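Beneath this line is the structure, given in structure tokens, with notes to follow.
Protein chains: 2
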Amino acid sequence: MVHNFNAGPSILPKEVFEQAAAAVLNWNNSGLSILEFGHRTAEFTSVMEEARSLVKELMHLDANHEVLFLHGGASTQFMQVPMNLLDPKDSAAYTDTGVWGSKAIKEAKFFGKVEVVCSSKEKNYNFIPKDFAVPNDSKYLHITTNNTIYGTQWQRIPATSNSLVADMSSDIMSRVLDFNAFDLIYAGAQKNMGPSGVNLVVVNKNILGKIKRAIPTIMDYRNHINEGSMLNTPPVFSVFVCMLTLRWLKSQGGVAAIEKLNNEKAALLYKEIDENEMFTGTTVKEDRSKMNVCFVMNDPGKEADFLKYTQSLGIVGIKGHRSVGGFRASLYNALPISSVLVLVKAMKDFAEKR
Amino acid sequence: MVHNFNAGPSILPKEVFEQAAAAVLNWNNSGLSILEFGHRTAEFTSVMEEARSLVKELMHLDANHEVLFLHGGASTQFMQVPMNLLDPKDSAAYTDTGVWGSKAIKEAKFFGKVEVVCSSKEKNYNFIPKDFAVPNDSKYLHITTNNTIYGTQWQRIPATSNSLVADMSSDIMSRVLDFNAFDLIYAGAQKNMGPSGVNLVVVNKNILGKIKRAIPTIMDYRNHINEGSMLNTPPVFSVFVCMLTLRWLKSQGGVAAIEKLNNEKAALLYKEIDENEMFTGTTVKEDRSKMNVCFVMNDPGKEADFLKYTQSLGIVGIKGHRSVGGFRASLYNALPISSVLVLVKAMKDFAEKR
Numbered sequence: 000m001v002h003n004f005n006a007g008p009s010i011l012p013k014e015v016f017e018q019a020a021a022a023v024l025n026w027n028n029s030g031l032s033i034l035e036f037g038h039r040t041a042e043f044t045s046v047m048e049e050a051r052s053l054v055k056e057l058m059h060l061d062a063n064h065e066v067l068f069l070h071g072g073a074s075t076q077f078m079q080v081p082m083n084l085l086d087p088k089d090s091a092a093y094t095d096t097g098v099w100g101s102k103a104i105k106e107a108k109f110f111g112k113v114e115v116v117c118s119s120k121e122k123n124y125n126f127i128p129k130d131f132a133v134p135n136d137s138k139y140l141h142i143t144t145n146n147t148i149y150g151t152q153w154q155r156i157p158a159t160s161n162s163l164v165a166d167m168s169s170d171i172m173s174r175v176l177d178f179n180a181f182d183l184i185y186a187g188a189q190k191n192m193g194p195s196g197v198n199l200v201v202v203n204k205n206i207l208g209k210i211k212r213a214i215p216t217i218m219d220y221r222n223h224i225n226e227g228s229m230l231n232t233p234p235v236f237s238v239f240v241c242m243l244t245l246r247w248l249k250s251q252g253g254v255a256a257i258e259k260l261n262n263e264k265a266a267l268l269y270k271e272i273d274e275n276e277m278f279t280g281t282t283v284k285e286d287r288s289k290m291n292v293c294f295v296m297n298d299p300g301k302e303a304d305f306l307k308y309t310q311s312l313g314i315v316g317i318k319g320h321r322s323v324g325g326f327r328a329s330l331y332n333a334l335p336i337s338s339v340l341v342l343v344k345a346m347k348d349f350a351e352k353r
Numbered sequence: 000m001v002h003n004f005n006a007g008p009s010i011l012p013k014e015v016f017e018q019a020a021a022a023v024l025n026w027n028n029s030g031l032s033i034l035e036f037g038h039r040t041a042e043f044t045s046v047m048e049e050a051r052s053l054v055k056e057l058m059h060l061d062a063n064h065e066v067l068f069l070h071g072g073a074s075t076q077f078m079q080v081p082m083n084l085l086d087p088k089d090s091a092a093y094t095d096t097g098v099w100g101s102k103a104i105k106e107a108k109f110f111g112k113v114e115v116v117c118s119s120k121e122k123n124y125n126f127i128p129k130d131f132a133v134p135n136d137s138k139y140l141h142i143t144t145n146n147t148i149y150g151t152q153w154q155r156i157p158a159t160s161n162s163l164v165a166d167m168s169s170d171i172m173s174r175v176l177d178f179n180a181f182d183l184i185y186a187g188a189q190k191n192m193g194p195s196g197v198n199l200v201v202v203n204k205n206i207l208g209k210i211k212r213a214i215p216t217i218m219d220y221r222n223h224i225n226e227g228s229m230l231n232t233p234p235v236f237s238v239f240v241c242m243l244t245l246r247w248l249k250s251q252g253g254v255a256a257i258e259k260l261n262n263e264k265a266a267l268l269y270k271e272i273d274e275n276e277m278f279t280g281t282t283v284k285e286d287r288s289k290m291n292v293c294f295v296m297n298d299p300g301k302e303a304d305f306l307k308y309t310q311s312l313g314i315v316g317i318k319g320h321r322s323v324g325g326f327r328a329s330l331y332n333a334l335p336i337s338s339v340l341v342l343v344k345a346m347k348d349f350a351e352k353r
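Quick note, the sequences are listed as chains A and B, same order.
Using numbering that gives the first Met the number 0, read the first sequence as starting at 0 and increasing by one per residue.
Using numbering that gives the first Met the number 0, read the second sequence as starting at 0 and increasing by one per residue.
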């Protein structure tokens, strides 16, 4: 039994793997692999439509919000967002809560002015800034809702009169938010929603077409909306696996139900971190992520031993990112609570034995 | 038995489907699906390296040519190529041999001047222009080596003193060319090389960094080269399936061996088209594609009947593109000669019976 705590690409439901593997051999009794299906076939078009429609349903999106599955990963969105929303003389407000946020800032500067309205960089991004002001004339405010590397998460989305743009790559579909309050949401699929190779974009269509820049065809969200996310050959298999994962999420009761489980998983692990004298959490408590739990050992000399011990129990993917050190356990939607219990027990047992 | 003549995404070797499906369930006896593997793991890094190295080997690339697997499909390259190679005052020469070439032209105009040096548009792209001149000061000459929709192919790559850039999406790895004569080659994987969702780029590193434009990080080929094609999370599964397909190609004897088979397959089908009084090829003979064979029936009223008849034999994907009509049989690397024989026999039998 393997317990997969990978930060991403990461665990997906077992039944999704089984359905995906079967479709690679023979999809829908067609005698063909899903990998050799034309994307314009009725069969695949219905996969794309079901995936988009499940996103709308699970996120309770209103009619202004369009759902796209695009190539390129969130790193492409760092560029595509300002390319579509920001003229050179315009200014956008960005929050600097980690490496991914700071990468988004860097790319926005290619297209317009950027005001960094807050940063937790000085404390190695171990908290979410609360006190900051967003200039009225900012075209939008950009946040990274969950910071995979550091294990922090915006528990409350900042109230703002500006247009709100969010990178939700590492907590999409994990908790209930008022998603209609966002004008643009993007997320690489490879945490809670599917395999790598596809990007979810949710965009309020009313914010598009307001700038003067000529936008290359493949970068203009409006073209993707007009073509139903089929402007060019989509990443067929990645979209298919997203659709399977979204179906699974719906069958579990949707986002509210999975949030409850996610809260339980995170509470179990943070409780052990706080009670076990060998371990310490690395982030400010109130900003702790429910998705990525970062912790170190009070005696760093024991970390290699603990890692080895967890490996012997089938636990994989908990080595911390080099910029934080220690450990990071990612508790994405598909991770069963039983895996968290194995990790918690390992921490207890390790502390007792030494 | 299904005979898959899809234009793309299209047939891949059966053993690739089997290996891919197995890896989705349990990759390398890890107990994990390849879909839940981190891209920075030693296991996946070695997949990426093997895929890149197989491309170098199969295309006999010299040390100046770098191999990248990127997100986005060829439609992204339409933009990325001029963004990296063309300053606003520079001019590039483009050949207009089909819809894809003309899309590349449209995107290049966002970044510099474009001289369309030849076009076969007036004849619905049924031939490859031979007589044209490329201005000496063109930064590069762009060609589409194979035109999927119309069934034409450059049999001889034009001799030019300019830098040569090619979209090889639909004939990459299908025939031997002097690939080192190209400064940049790009190809969506979803014909001969793998599933959709990944793009092969082969670039002579010496042509990069010559322009003044500031290039967004994710669009700059140099960043991808520096990071070994792992600048951001790659489309893991698509790269893996490409690696499997490239392994298969090598085991078949490489590009020269597959070209021989491709020539045989195309010769069989064109012979039937030319000999069978019911059918006519739609392109000029000397420019016929070995990959996509386009033909119509002399009595268009019989086309629906013939299509129905072929479907009863397990033949799929031969309906022609709406802009050409009739039929298109795509004979990519993985299509067995036995499938071509079934189609040829169907044409013979149909003609005899009516």
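Glycine is no exception: its CB is placed at the ideal position from the N, C-alpha and C atoms.
Since we're looking at a predicted model, the values are computed, not measured.
Quick check: what's the CA-CA separation for residue 114/B versus residue 96/A? Cα-Cα distance, rounded: 46 Å.
Find the residues of chain B that neighbour residue 74/A, judging by a C-beta separation of less than 9 Å, and give them in chain order. Think of a sphere of 9 Å around the beta carbon of residue 74/A: the chain B residues whose beta carbon falls inside it are 70, 216, 217, 230, 231 and 232, in chain order.
Within the 8 Å Cβ cut-off, does residue 12/B reach chain A? No, residue 12/B does not count as interfacial toward chain A.
Nearest-angstrom Cα distance between residue 292/B and residue 330/B? Cα to Cα, residue 292/B sits roughly 8 Å from residue 330/B.
Taking C-alpha atoms, which residue in 242/A, 173/A and 197/A lies nearest to residue 71/A? When only C-alpha atoms are compared, the closest one is 197/A.
Assumed close pair residue 50/B, residue 68/B - CB separation to whole angstroms, cut-off 8 Å: Their Cβ separation, rounded to whole angstroms, is 6 Å, which keeps residue 50/B and residue 68/B in contact under 8 Å.
Against residue 190/A, what residues of chain B qualify as contacts under a CB-to-CB distance less than 7 Å, listed in chain order? Listed along chain B, no residue sits closer than 7 Å to residue 190/A by beta-carbon distance, the nearest being about 10 Å off.
Name, going along the chain, the residues of the stretch 36 to 55 of chain A whose beta-carbon falls closer than 7 Å to a beta-carbon of chain B. Result list: 36, 37 and 38.
For the stretch 83 to 115 of chain B, enumerate the residues whose C-beta is nearer than 8 Å to any C-beta of chain E, in chain order. Structure shown: chain E not included; protein chains present are A and B.
Are there 16 or more other CB atoms within 10 angstroms of the CB of residue 279/B, so buried, or fewer, so exposed? Burial call: exposed.
Inspect the beta-carbon positions of residue 183/A and residue 80/A and report whether they are closer than 8 Å. Between residue 183/A and residue 80/A, the gap from beta carbon to beta carbon is short of 8 Å.
Taking the beta carbon of residue 131/A as the centre, do at least 16 other beta carbons fall within 10 Å, making it buried, or is it exposed? So residue 131/A ends up on the exposed side.
Residues near residue 5/B by beta carbon distance below 8 Å, same chain, minus five either side: These residues qualify, in order along the chain: 315, 316 and 329.
Distance between residue 265/A and residue 171/A (C-alpha atoms, nearest Å): Going by C-alpha positions, residue 171/A is about 16 Å away from residue 265/A.
Ranges of the alpha helix (DSSP H) found wholly within the stretch 35 to 105 of chain B, counting only runs of at least 4: Restricting attention to alpha helix (DSSP H) runs no shorter than 4 residues, the stretch 35 to 105 of chain B encloses them at 41 to 57 and 72 to 84, ordered along the chain.
Within the 8 Å Cβ cut-off, does residue 137/A reach chain B? For residue 137/A, not one C-beta of chain B is nearer than 8 Å to its own C-beta.
For residue 125/B, go through chain A and note every residue whose CB falls closer than 9 Å to its CB, in chain order. The contacting residues do not exist; residue 125/B stays about 23 Å from chain A at best.
I need the straight-line Cα distance from residue 259/A to residue 176/B, nearest angstrom please. Taking the straight line from one Cα to the other gives about 58 Å.
9 Å Cβ cut-off: residues of chain B touching residue 186/A: By Cβ distance, chain B contributes nothing, its closest Cβ being about 12 Å from residue 186/A, past 9 Å.
According to DSSP, is residue 325/B part of a helix, a strand, or is it coil? If DSSP states are grouped into helix, strand and coil, residue 325/B belongs with coil.
Using only CA atoms, which one of 256/B, 269/B, 191/B and 288/B lies nearest to residue 11/B? Among 256/B, 269/B, 191/B and 288/B, the Cα nearest to that of residue 11/B is on 191/B.
Just verifying my parser: in three-state terms, what is the DSSP assignment at residue 239/B? The answer is helix: DSSP assigns residue 239/B an H, G or I state.
Within 8 Å (strictly less), CB to CB, does residue 291/B reach chain A? Residue 291/B does not count as touching chain A.
Any chain B beta carbon closer than 8 Å to residue 342/A: Cβ-Cβ to chain B under 8 Å: no for residue 342/A.
Which residues in chain A sit within 8 Å of residue 324/B, going by Cβ to Cβ distance? Result: empty, since nearest Cβ-Cβ is about 16 Å, beyond 8 Å.
Below 7 Å CB to CB, which residues in the same chain sit around residue 302/B once its five sequence neighbours on both sides are set aside? Only residues of its own chain outside the window of five on either side were considered, and among them 296 and 325 have a CB closer than 7 Å to the CB of residue 302/B, listed in chain order.
Determine, using beta-carbon pairs with one atom in the stretch 132 to 141 of chain B and one in the stretch 18 to 31 of chain B, whether at least three such pairs fall under 8 Å. Between the stretch 132 to 141 of chain B and the stretch 18 to 31 of chain B there are fewer than three inter-stretch CB-CB distances shorter than 8 Å, so the stretches are not counted as touching.
Please list the partners that residue 5/A has in chain B, where partner means a Cβ-to-Cβ separation under 7 Å. Chain B residues near residue 5/A: 35 and 37.
Under DSSP, the alpha helix (DSSP H) around residue 222/B begins and ends at which residues? Under the DSSP assignment, residue 222/B falls in the alpha helix (DSSP H) whose first and last residues are 220 to 225.
Can you name the residues that DSSP bridges to residue 350/B? According to DSSP, residue 350/B bridges with nothing at all.
When the Cα atoms are used, what is the spatial distance from residue 221/B to residue 199/A? Whole-angstrom Cα-Cα distance: 27 Å.
Just curious, the beta strand (DSSP E) that residue 278/B is in, first and last residue? Counting along the chain, the beta strand (DSSP E) containing residue 278/B begins and ends at 278 to 280.
Any C-beta of chain A sitting closer than 8 Å to the C-beta of residue 239/B? Under the 8 Å criterion on CB atoms, residue 239/B is classed as non-interfacial with respect to chain A.
Could you check whether the stretch 162 to 170 of chain B touches the stretch 118 to 131 of chain B, counting it as contact only if at least three pairs of C-beta atoms, one from each stretch, sit closer than 8 Å? With the rule of 3 Cβ pairs closer than 8 Å, the stretch 162 to 170 of chain B does not count as touching the stretch 118 to 131 of chain B.
Determine the DSSP secondary structure at residue 317/B, reduced to helix, strand or coil. Per DSSP, reduced to three states, the secondary structure at residue 317/B is coil, with no helix or strand assignment.
Which two residues bound the contiguous beta strand (DSSP E) that contains residue 198/A? According to the DSSP assignment, residue 198/A belongs to the beta strand (DSSP E) that extends over 198 to 203.
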